[in-house]
Ligand SMILES: *Cc1c(COP(=O)(O)O)cnc(C)c1O
């Protein structure tokens, strides 16, 4: 029997979204970003669904090792690189390609004597001020890296866009020109674009693109859904009604009684809560699908349950299916109702939620 709460993955949708990436960046190699457990979809499942990419990118060394140990033969890029010699040992052992973004890492590399044991990506900070060498540090870093015997040549070059999801913000063009001016004619492959870069900034398309969120069918832009961009959602989050009961005028619902019944209606209790990753701050009115029809969430989200107003669904009964997001209810819309971004919702689906594949249902 399927547990009350489960997520269904449509892996054909992931393949479709990958084709969309190709249509935007037909000449680029694709580095599929599957960090954070494949944005909550399951690292190994997503990797398997995306076999037609040129590389995978993860944030951390342990994520890369998991992928490699599962038998993955692709290039695997570790976006945060390493912070100590032991981590570099692991990268070499599992043939993972780290980002090099700091002088601390550079010193660790300079202390090594292996020959061409590691392919690296040199990260340039063009304004995000997170990871990367500053433009004025770049030449010195590049020269020193070039002397490191452990490094395989040519060195690949990367930067990350801070504001690409805002199509009006010219910061992105400034970042791109700063990158191009700084790396100049150096040999080595280049990579700039995340999903928003791929979809909105042609200037960001270079040798490699790094799609993340769009592969899962989700829009990187605050004012679009993935569906509007021709993407298909990969994850559906589902539950069921566990209680249905009439409530009267004046009844208060949920913790702190924040929702007060104004006219008699029917209350539905759904087995889903923040303990599953449903957002605690979803407001009253957040849409929920009961038997495929929209009803509003009412009152506070609890750990294991939410309450909905079934006024428009008087025949609904315990056991009826509920969809929290997925096909027919964009996770982008839920994110807006909870003052967050869809990335946090899919990443936040917890261990307790069983993940199923649509093809197996
Ligand atoms: C997460 C990440 C990406 C993917 O970003 P999306 O917005 O999900 O497409 C690309 N590059 C880097 C460096 C990242 O950290």
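In my numbering, the protein residues as written are 14 to 374.
All C-beta atoms in this analysis are idealised placements derived from N, C-alpha and C, irrespective of residue type, glycine included.
Remember, it's a predicted structure, so these values are computed and weren't measured experimentally.
Count the other C-beta atoms from every protein chain shown that fall within 10 angstroms of the C-beta of residue i, then say buried if there are 16 or more, exposed otherwise.
i           : result
residue 36  : exposed
residue 127 : exposed
residue 207 : buried
residue 166 : exposed
residue 59  : buried
residue 291 : buried
residue 227 : buried
residue 83  : exposed
residue 298 : exposed
residue 215 : exposed
residue 182 : exposed
residue 355 : buried
residue 376 : For the chain, the structure presents residues 14 to 374; residue 376 sits outside this window and is missing.
residue 367 : exposed
residue 262 : exposed
residue 330 : exposed
residue 213 : buried
residue 50  : buried
residue 7   : Since the displayed the chain opens at 14 and closes at 374, residue 7 lies outside it and no answer follows.
residue 312 : buried
residue 373 : exposed
Quick check: the Cα distance between residue i and residue j, rounded to an integer number of angstroms?
i           : j           : result
residue 87  : residue 67  : 7 Å
residue 340 : residue 249 : 7 Å
residue 266 : residue 327 : 18 Å
residue 104 : residue 134 : 13 Å
residue 120 : residue 172 : 21 Å
residue 18  : residue 272 : 25 Å
residue 92  : residue 324 : 49 Å
residue 230 : residue 99  : 37 Å
residue 29  : residue 21  : 16 Å
residue 234 : residue 143 : 21 Å
residue 146 : residue 179 : 24 Å
residue 114 : residue 94  : 8 Å
residue 188 : residue 217 : 9 Å
residue 55  : residue 223 : 18 Å
residue 41  : residue 69  : 14 Å
residue 257 : residue 318 : 13 Å
residue 337 : residue 301 : 5 Å
residue 192 : residue 203 : 10 Å
residue 321 : residue 185 : 42 Å
residue 364 : residue 288 : 9 Å
residue 14  : residue 280 : 26 Å
residue 205 : residue 369 : 34 Å
residue 174 : residue 358 : 22 Å
residue 200 : residue 219 : 13 Å
residue 377 : residue 268 : An answer regarding residue 377 cannot be provided, because it is not within the stretch 14 to 374 covered by the chain.
residue 350 : residue 277 : 25 Å
residue 195 : residue 148 : 6 Å
residue 371 : residue 63  : 16 Å
residue 34  : residue 177 : 16 Å
residue 78  : residue 90  : 11 Å
residue 343 : residue 61  : 24 Å
residue 151 : residue 137 : 7 Å
residue 153 : residue 116 : 10 Å
residue 197 : residue 283 : 57 Å
residue 8   : residue 255 : The question about residue 8 has no answer, for the chain in this structure spans 14 to 374.
residue 156 : residue 293 : 50 Å
residue 76  : residue 43  : 19 Å
residue 190 : residue 221 : 17 Å
residue 209 : residue 139 : 17 Å
residue 348 : residue 295 : 8 Å
residue 274 : residue 335 : 22 Å
residue 129 : residue 361 : 39 Å
residue 131 : residue 125 : 11 Å
Below 8 Å on the Cβ atoms is my contact criterion, and I expect residue i with residue j to pass it. Report the Cβ-Cβ distance as a whole number of Å.
i           : j           : result
residue 122 : residue 161 : 5 Å
residue 247 : residue 27  : 5 Å
residue 74  : residue 48  : Residue 74 to residue 48, Cβ: 12 Å. No contact.
residue 170 : residue 164 : 13 Å between Cβ atoms; not a contact.
residue 102 : residue 245 : About 41 Å separates the two Cβ atoms, so there is no contact after all.
residue 109 : residue 81  : 7 Å
residue 232 : residue 345 : 6 Å
residue 333 : residue 303 : 6 Å
residue 38  : residue 168 : With a Cβ gap of about 22 Å, residue 38 and residue 168 do not count as contacting.
residue 225 : residue 52  : 7 Å
Legend entry - contact_flag[the region 305-322, the region 235-243] where n(CB pairs < 8 Å) is 3 or more: At 8 Å Cβ cutoff, the stretches do not touch.
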